[in-house]
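When the sequence shown is numbered by this note's numbering, its final residue is 626 and no position is left out of the sequence of numbers. No residue lacks a Cβ here, since even glycine has one placed at the ideal position from N, Cα and C. Being a predicted model, the structure only gives us computed values, none of them experimental. First the structure, in the form of structure tokens, and then the observations on it.
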Amino acid sequence: MIVSFTTTPSRISNCSKVVDAIVDQTLRADLIILNVPLKSSKTGELYEVPEGLKAPNEKLFINIVEDDLGPVTKLVPTIKYLRDSGYPKNTRIVYCDDDILYPRPMLESFSKTEEDSVWAASAFRLLDSGVSGVRSHNSVAAIAEGYGGVCVTLGMFGDDFFDYIDKLISHSDALKYSDDLILSNYFAKRGIPVKVNAKSYSFDILYSTVADAKKVKLLSEDIDFDPKLAEELPLSYALSYGDRTALSMIYAPNTFKNLLFCMEILRNEDELFLYREYSGAKIV
């Protein structure tokens, strides 16, 4: 299993904490790939790899890449590297963020999932009247969120992947920085379902390296939730909740507006595959 992520010039100094958390998983990663561009496309700032990351580590590969593709740099250079290196199509890749100390069972949990789907600890979809707000393990979502960890296989990415990414991130900053959307849209293009991995992966407490590894409570107690309430909302957010059902939460209106704006761009470019029936959802 491969773990892949990227970082920014201002956060690269914290990445050793993330690497340590991944090395300490109950199921050890075969390789941890940290994709580091030469400079930030957003600020122009050069990257400086800290000494702690330069120390010999057989599990860590610092992959220096020429171009900063935005947040999708967490995955795109890794796909190219693994393909060029002859890795088999069933190679599992977990892509994640650079500011979370992931729970120790994460990789082991993903290793128990089927290889024909994208698995995410956190995922969401637009709601309609036929969709419940509560999701259990194995339930289908639409957009996989990278911060919770997303498990894919190398074979999910076709020869069209790199051209697809180049087209969308070159279109606008709105798309370039909507990595969860454009990656999930690609999975939909390939007909690969996104499923919630809510089994055996307790996700109620994460640790933020940005907050000096202080506890960041996302969800820590049982809450009675009425699915009918979710059906009245335009967007539902499914967060994995241990071995129980996923709990739906509400996205902020500005985030929802940005999502719809980006989806409209994709539709205008004839690249919208997530919601083939999408007709311009509105906040209610």
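Cβ shell of residue i (< 8 Å), same chain only, five flanking positions each side left out
i: S459; result: I534, P535, V536, K537
i: L517; result: L510, I511, L523, I524, C604, I607, L608
Span of the beta strand (DSSP E) around residue i
i: N405; result: 402-407
i: C493; result: 492-495
i: K537; result: 536-538
i: S453; result: Here S453 belongs to no beta strand (DSSP E); instead the alpha helix (DSSP H) covers 448-453.
i: L376; result: 373-379
i: A354; result: What sits at residue 354 in the sequence shown is Ile, not Ala. Neither: I354 is in no beta strand (DSSP E) and is coded neither H nor E.
i: A462; result: 460-462
First and last residue of the uninterrupted alpha helix (DSSP H) at residue i
i: P419; result: 418-426
i: S358; result: 357-365
i: N527; result: 521-531
i: E393; result: 393-396
i: A516; result: 515-518
Same chain, Cβ closer than 7 Å to residue i, neighbours up to 5 away in sequence not counted
i: R446; result: D366, Q367, T368
i: A530; result: F615, L616
i: Y519; result: G412, P413
i: D372; result: M343, I344
i: S514; result: I607
Assumed close pair residue i, residue j - CB separation to whole angstroms, cut-off 8 Å
i: Y444; j: I507; result: Going by Cβ atoms, the distance from Y444 to I507 rounds to 25 Å, so no, they are not a contact pair.
i: I374; j: T433; result: Actually they do not touch by this definition, with Cβ atoms about 14 Å apart.
i: V407; j: P379; result: 5 Å
i: L388; j: K396; result: That pair is no contact at about 16 Å.
i: G497; j: K431; result: 3 Å
i: D440; j: R353; result: 6 Å
i: Y528; j: F503; result: 7 Å
i: A483; j: F499; result: Incorrect: roughly 20 Å between the Cβ atoms, too far for contact.
Sequence-distant residues of the same chain with beta carbon closer than 6 Å to residue i, five excluded per side
i: T348; result: N377, T415, K416
i: D554; result: With a pLDDT of 35 at D554, under the threshold of 50, the predicted position of this residue should be treated as unreliable, and no value is reported.
i: I337; result: The requested residue 337 does not occur in the structure, where the chain is confined to residues 343 to 626.
i: E613; result: none
DSSP beta-bridge partners of residue i
i: Y437; result: S346, V492
i: L616; result: Beta-bridge pairing links L616 to no other residue.
i: L388; result: K381
Distance cut-off 7 Å: residue i Cβ against heavy atoms of the ligand COA
i: K384; result: Among the components modelled here there is no ligand, and therefore nothing to report on the ligand COA.
Counting pairs of Cβ atoms below 8 Å between the region 415-425 and the region 384-395, do you hit three or more? Not touching, per the Cβ criterion.
Can you find at least 3 beta carbon pairs, one from the region 481-498 and one from the region 449-466, that sit closer than 8 Å? In short, these stretches touch, since the Cβ pair count reaches three.
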